[in-house]
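Asker:
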Amino acid sequence: MPEVRTETAPHHVMLETDRCSDWLGVEVLLAEPGHAKLRMTVRPEMTNGFEILHGGMMFALADTCFAMACNDPAGDEQTITVASGADINFIKPARIGDVLVAEALPVASAGRSGVYDVVVTRDEELLAVFRGRSRTIPKP
-14 MPEVRTETAP
-4 HHVMLETDRC
6 SDWLGVEVLL
16 AEPGHAKLRM
26 TVRPEMTNGF
36 EILHGGMMFA
46 LADTCFAMAC
56 NDPAGDEQTI
66 TVASGADINF
76 IKPARIGDVL
86 VAEALPVASA
96 GRSGVYDVVV
106 TRDEELLAVF
116 RGRSRTIPKP
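So in this note's numbering, spot 29 of the sequence shown is number 14, and the numbers just go up one at a time.
1) Where does the unbroken alpha helix (DSSP H) through residue 102 begin, and where does it stop?
2) Going by DSSP, name the residue or residues bridged to residue 114.
3) How is residue 2 classed by DSSP in three states: helix, strand or coil?
4) When the Cα of residue 97 is compared with those of 50, 25, 69 and 27, which residue comes out closest?
5) DSSP state of residue 30, grouped into three classes?
6) Three or more C-beta pairs under 8 Å: does that hold for the stretch 31 to 40 against the stretch 71 to 86?
7) Just list the residues that DSSP pairs residue 86 with in beta bridges.
8) Could you tell me the distance, in whole angstroms, from the CA atom of residue 20 to the CA atom of residue 33?
9) Considering just the uninterrupted stretch of the beta strand (DSSP E) at residue 16, what are its terminal residues?
10) Return the bridge partner residues of residue 95 from the DSSP annotation.
11) Does the beta-carbon distance from residue -3 to residue 56 come in below 9 Å?
12) If you drop the 5 nearest sequence neighbours on each side, which residues of the same chain put their C-beta closer than 7 Å to that of residue 47?
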């Protein structure tokens, strides 16, 4: 008889109290130091007057993915890494029911500063590119 494997969903400590990501319905697909992948389904209340995903919602998904890539999934008692700046380029719109995937990877780091790129896709189709600049600071 084959062995039954039970896998738990990837976990990231920062999402334990992240009410915004909870409201967005963010699902963690991958959470490891320097690399994160999230999924979100577009709901009607996330759209703008043109019935496409509000840019702020796509930014929030990408920003959350960026934050997860910058911070160790298990947490760090001494420091946190936060955004020092970010921008996004919207390539194509998303609509109600679309399932979006955001994936973040590091581009460069030096000392306490870093740069990460996040791509947001729908069925492998590029929707947005986000670039985040990070800074590691003492934990408040």
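Don't be surprised by glycine CBs; every beta carbon is placed ideally from N, CA and C.
The structure displayed is predicted, hence computed values, not measured ones.
Answerer: According to the structure shown:
1) On the sequence shown, position 117 is the one that residue 102 refers to. Not the alpha helix (DSSP H): residue 102 falls in the beta strand (DSSP E), residues 98 to 107.
2) The sequence position of residue 114 within the sequence shown is 129, counting from 1. Beta-bridge pairing links residue 114 to 74 and 104.
3) For the purposes of this step, residue 2 is taken as the residue at position 17 of the sequence shown. In this structure, residue 2 counts as helix in the three-state DSSP scheme.
4) Within the sequence shown, numbered from 1, the residue matching residue 97 stands at position 112. Checked all of 50, 25, 69 and 27; the closest Cα to residue 97 is 69.
5) Counting from one through the sequence shown, the residue named residue 30 turns up at place 45. Helix, per DSSP.
6) yes
7) Counting from one through the sequence shown, the residue named residue 86 turns up at place 101. Beta-bridge pairing links residue 86 to 24 and 106.
8) Taking the sequence shown and counting its residues from 1, one reaches residue 20 at position 35. Taking the sequence shown and counting its residues from 1, one reaches residue 33 at position 48. Cα to Cα, the separation comes out at about 30 Å.
9) For the purposes of this step, residue 16 is taken as residue 31 along the sequence shown, with counting starting at 1. Element bounds for residue 16: 12 to 17.
10) For the purposes of this step, residue 95 is identified with residue 110 of the sequence shown, where counting begins at 1. 98, per the DSSP bridge assignment.
11) To locate residue -3, count along the sequence shown from 1; it is residue 12. To locate residue 56, count along the sequence shown from 1; it is residue 71. Yes.
12) For the purposes of this step, residue 47 is taken as residue 62 along the sequence shown, with counting starting at 1. If we look at residue 47 and ignore the five residues flanking it on each side, its Cβ neighbours are 73, 87, 103, 105, 113 and 115.
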